[in-house]
Structures are given as structure tokens and as C-alpha cells.
Amino acid sequence: SPCLWLSRLRGAACLGWASTEVYPKPSISVSPGELLSRGENNITIECQAPKHAPGLTFLLFKSGDLRAVQKAKGDRSGANFTFSGLRLEDAANYTCKYSLNSPTLSEPSDPLELVVAGEFSLACQVPVLCFRD
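Numbering (UniProt numbering), first residue to last: 1 to 133.
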């Protein structure tokens with residue numbers, strides 16, 4: 001990868017990826033599964049960079065609007081965004097991007113679509129969130 005180099009008489013230091021580099025898109029996934037109920041807890045959307053580098057920061061977008069920012073922990077090349085108490089309003093397209101100690105952002109991930117579906121009975125309506133990627 002191209003580096004921004006800080007040159008000195010006795011050597012050089014890499015300051016990071018050059019701003020002209022286009023960071024490849026991250027992957028996005030959801031767990032524990034693809035069919036979740038309204039009100040469910042501990043839902044995790046994971047964003048994963050295609051290559052490892054220390055200092056990665058991940059951004060999660062809902063329908064194009066920034067919703068959360070998280071730095072990768074330790075030597076991980078990804079970040080987990082955890083949600084509790086899912087609501088019908090959480091249905092949307094989610095994407096993520098990452099940066100490496102700079103304002104330059106990666107290409108967006110493929111969208112993860114949260115779709116609201118409903119099951120009907122005589123007694124009640126039970127909405128569920130379906131995750132498709």
C-alpha cells in the first residue's frame with residue numbers, strides 16, 4: 001500500500017496510507033440470525049475491513065445517515081455494533097465504512113437490508129425483522 005513517508009536523515013517513518021488510496025469496501029453481517037423479533041436484544045451488526053491495519057475506525061450508516069462510530073479494539077480488523085430492544089423503526093438499509101487515522105473513508109459496504117414483515121393471527125399481529133444481505 002502507498003504510504004505517507006516522513007523522511008529524516010537517519011531513516012523514514014510511515015505515517016499511514018496515502019490519501020489518494022481508495023480503501024476497499026468492508027463486509028457487513030448480522031447475528032444471531034436473519035429472522036429477528038421486535039424487542040429482541042443483543043443483535044450485532046459486524047463491519048469487517050478486508051485487510052488488517054492498526055487504528056481502524058468504523059462508521060455505521062442507517063439509510064445513508066451516520067448512526068454510530070467505533071474504533072477497532074486491539075489488533076482486530078472489525079467492529080461490532082450491538083443493539084437491544086429492536087423497534088419497527090430499525091428497519092432500513094445499513095452500510096458501514098472505515099478510515100485509518102484520517103478523514104479518508106473507504107468505499108461503503110454492500111447494504112444490509114432490514115425488512116419488516118408481519119405474521120397475523122386472530123389474536124395479534126407479530127412483526128418481525130428480516131435481515132437480508
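Think of the CB as a built atom: it goes at the ideal place given N, C-alpha and C, for glycine as much as any other residue.
Which whole-angstrom value is the C-beta distance of residue i and residue j, which I expect to be below 8 Å?
i	j	result
lysine 25	serine 84	Not confirmed; about 28 Å, so no contact.
residue 155	threonine 82	Because the chain spans 1 through 133 in this model, residue 155 falls outside it and cannot be assessed.
alanine 79	cysteine 47	5 Å
leucine 112	arginine 38	At roughly 18 Å, the Cβ-Cβ gap does not stay under 8 Å, so leucine 112 and arginine 38 are not in contact.
Which residue comes first and which comes last in the beta strand (DSSP E) that contains residue i?
i	result
asparagine 80	78 to 83
residue 136	This structure gives no information on residue 136, because the portion of the chain shown stretches from 1 to 133.
alanine 68	65 to 71
lysine 62	56 to 62
threonine 104	Neither: threonine 104 is in no beta strand (DSSP E) and is coded neither H nor E.
glutamate 46	43 to 48
Can you give me the Cβ contacts of residue i inside the same chain, cut-off strictly under 6 Å, excluding the 5 residues immediately before and after it?
i	result
histidine 52	Ser77
serine 31	Thr44
valine 69	Leu59
phenylalanine 61	Thr95
serine 29	Glu46
Take residue i and list the residues in its own chain whose beta-carbon comes closer than 8 Å to its own, dropping the five residues that flank it on each side.
i	result
serine 99	Tyr23, Leu56, Thr57, Leu59, Leu105, Ser106
proline 108	Lys25, Phe61, Thr95, Cys96, Lys97
So which of the options has the shortest CA-CA distance to residue i?
i	options	result
alanine 49	Asn41, Lys62, Asp75, Gly39	Asp75
isoleucine 40	Asp65, Ser31, Leu86	A small fix is needed here, since residue 40 is glutamate in this sequence, not isoleucine. Checking every option, the nearest Cα to that of glutamate 40 belongs to Leu86.
arginine 67	Tyr94, Leu114, Pro108	Tyr94
aspartate 65	Pro54, Ser29, Cys96	Cys96
serine 102	Pro54, Lys73, Ser27, Ile28	Pro54
Output needed for residue i: all residues of its chain with C-beta closer than 7 Å, excluding positions within five of it in sequence on either side, in chain order.
i	result
arginine 8	Low confidence applies here, because arginine 8 scores a pLDDT of 43, under 50, leaving its location unreliable and the question unanswered by this model.
residue 164	Nothing in the structure corresponds to residue 164, since the chain is present only between 1 and 133.
serine 27	Gln48, Ser109
lysine 73	none
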